[in-house]
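A short write-up of the structure that comes next.
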Amino acid sequence: MATAQAAATAPADATPPELPADHEVLLASDDPALEANKRLVYDMYRIVLQAGLADRAGEFIAADYIQHNPNAEQGLAGLQDYVRRTRPERAIEDRLELPMVHIMAEGNYVTIAFLRAQDDDSGSTYYSTWFDLFRIEDGLIAEHWDPMLKTDAQIDPNDQRVEN
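Residue numbering for the sequence shown follows the UniProt record's numbering, starting at 1 and increasing by one per position.
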């Protein structure tokens with residue numbers, strides 16, 4: 001009985017989801033405001049977080065930005081400092097190279113989900129999902145939530161790329 005119960009509760013090997021080939025399809029919306037909000041978040045990720053261009057953050061982020069990631073300070077300057085200390089500057093790519101699963105918008109909120117490949121204690125790769133939630137106000141990102149813990153390694157998200 002115990003063996004059957006353990007087998008029933010053991011996690012299955014996680015298979016990575018199919019990643020969308022065309023990000024433009026995900027960015028499109030019948031509602032121009034929702035499409036603009038998704039594009040704002042996508043381009044911020046592409047230019048500020050992926051390319052590491054902290055000096056461009058003001059194009060996307062409000063000065064009084066509220067940050068719920070415990071490893072970054074509040075405000076635009078806090079995000080810029082975080083970007084500078086966690087990644088190098090790179091060329092801006094036309095497409096977000098991180099393994100984006102989906103981006104969705106509702107009202108003034110945008111959620112973006114990424115595939116994350118991790119190694120377990122035995123060295124086997126497993127997959128999970130990272131979510132970021134952003135609140136948009138007056139055409140800028142005003143607030144951010146993610147599942148980052150204070151104890152999490154300060155990784156460059158570019159290290160999380162997965163071949164599809």
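All residues carry an ideal CB built from backbone N, CA and C; glycine is no exception.
- Going by beta carbons, L76 and G58 fall inside the 7 angstroms limit.
- For E137, the closest C-alpha among the options P99, A62, R84, V101 is that of A62.
- With respect to S128, R116 sits close: the two C-beta atoms are nearer than 7 angstroms.
- Unbroken beta strand (DSSP E) stretches of 3 residues or longer found wholly inside the UniProt domain "SnoaL-like" (43-144): 61-67, 100-106, 109-119, 125-137, given in chain order.
- Residue environment: F134 is assigned as buried (16 or more neighbouring CB atoms within 10 Å of its CB, all protein chains considered).
- Secondary structure at L149: coil, using DSSP grouped into helix, strand and coil.
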